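Structure, as structure tokens:
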Amino acid sequence: VIVDIIIALEMLLSDQEKSEITHKLAMRIAALLGTYSRDRFNPEHVFTNVKKIYSYRSSIIHGSHKVNKAREIKLEENVSVPSVDIARTYLSEVLKILISNPIYFSSVNIDKLLLN
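Numbering of the sequence shown is given in our numbering, commencing with residue 510 and proceeding in unit increments.
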């Protein structure tokens, strides 16, 4: 499931460049959630969590021994939540934002949002 969620996020938020995919994905998700759902999401935490989620995805794809360690993310309240649950929430929120603000279907516009 985590692989499918990451593929969906990449399809929605990636550009044509293949470099720094994890970093750009984390920045763009943090920018969107921080702008449109700031009452629910801290952009810095979102950025960090997306990096952890992507690492979990990579562990699964590449068969790393770190899969079990990355299966959950410890939140600021010191509560552990399954990575897939956080990823699913982020995907759901991103979809809502994009549907309401179709301008952000272009990653260039999300990047401009980061600069404002």
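In this text, a Cβ means the ideal position worked out from N, Cα and C, and glycines have one as well.
Predicted, not measured: the structure shown is a model, and the values here were computed from it.
Might you give, ordered along the chain, the residues of its own chain that have their beta carbon closer than 6 Å to the beta carbon of residue i, omitting 5 neighbours on each side?
| i | result |
| --- | --- |
| Y599 | I538 |
So, residue i versus residue j, is the Cβ gap smaller than 8 Å?
| i | j | result |
| --- | --- | --- |
| R566 | I511 | yes |
| I619 | L541 | yes |
Provide the residue span of the alpha helix (DSSP H) that contains residue i, from first to last.
| i | result |
| --- | --- |
| V512 | I511 to L522 |
| I612 | Counting along the chain, I612 falls outside any alpha helix (DSSP H), and DSSP gives it neither H nor E. |
Mind checking whether the beta-carbon of residue i lies closer than 7 Å to any heavy atom of the ligand PLP?
| i | result |
| --- | --- |
| S528 | With respect to the ligand PLP, the structure offers nothing, as it holds no ligand at all. |
Output the boundary residues of the beta strand (DSSP E) element that contains residue i.
| i | result |
| --- | --- |
| V589 | In the sequence under discussion, the amino acid at residue 589 is Ser, which differs from the Val named in the question. That run of the beta strand (DSSP E) goes S589 to P591. |
Could you check if residue i is buried or exposed, using at least 16 other CB atoms within 10 Å of its CB as the buried criterion?
| i | result |
| --- | --- |
| E558 | In the sequence as presented, Glu is not what sits at residue 558; that position holds Asn. Flag for N558 reads buried. |
Which same chain residues end up closer than 7 Å to residue i when comparing Cβ atoms and leaving out the 5 residues on each side of it in sequence?
| i | result |
| --- | --- |
| T454 | Nothing about residue 454 can be reported from this structure: the residues present for the chain run from 510 to 625 only. |
| L584 | V590 |
| I569 | I511, V512 and V576 |
Within its chain, find whatever has a CB closer than 8 Å to the CB of residue i; leave out the 5 residues flanking it on each side and keep chain order.
| i | result |
| --- | --- |
| V603 | L518, L521, L522, I538, L541 and L542 |
Practice task
Please confirm if the segment 511-520 is in contact with the segment 589-596, defined as three or more CB-CB distances below 8 Å between the two stretches.
Solution key: yes
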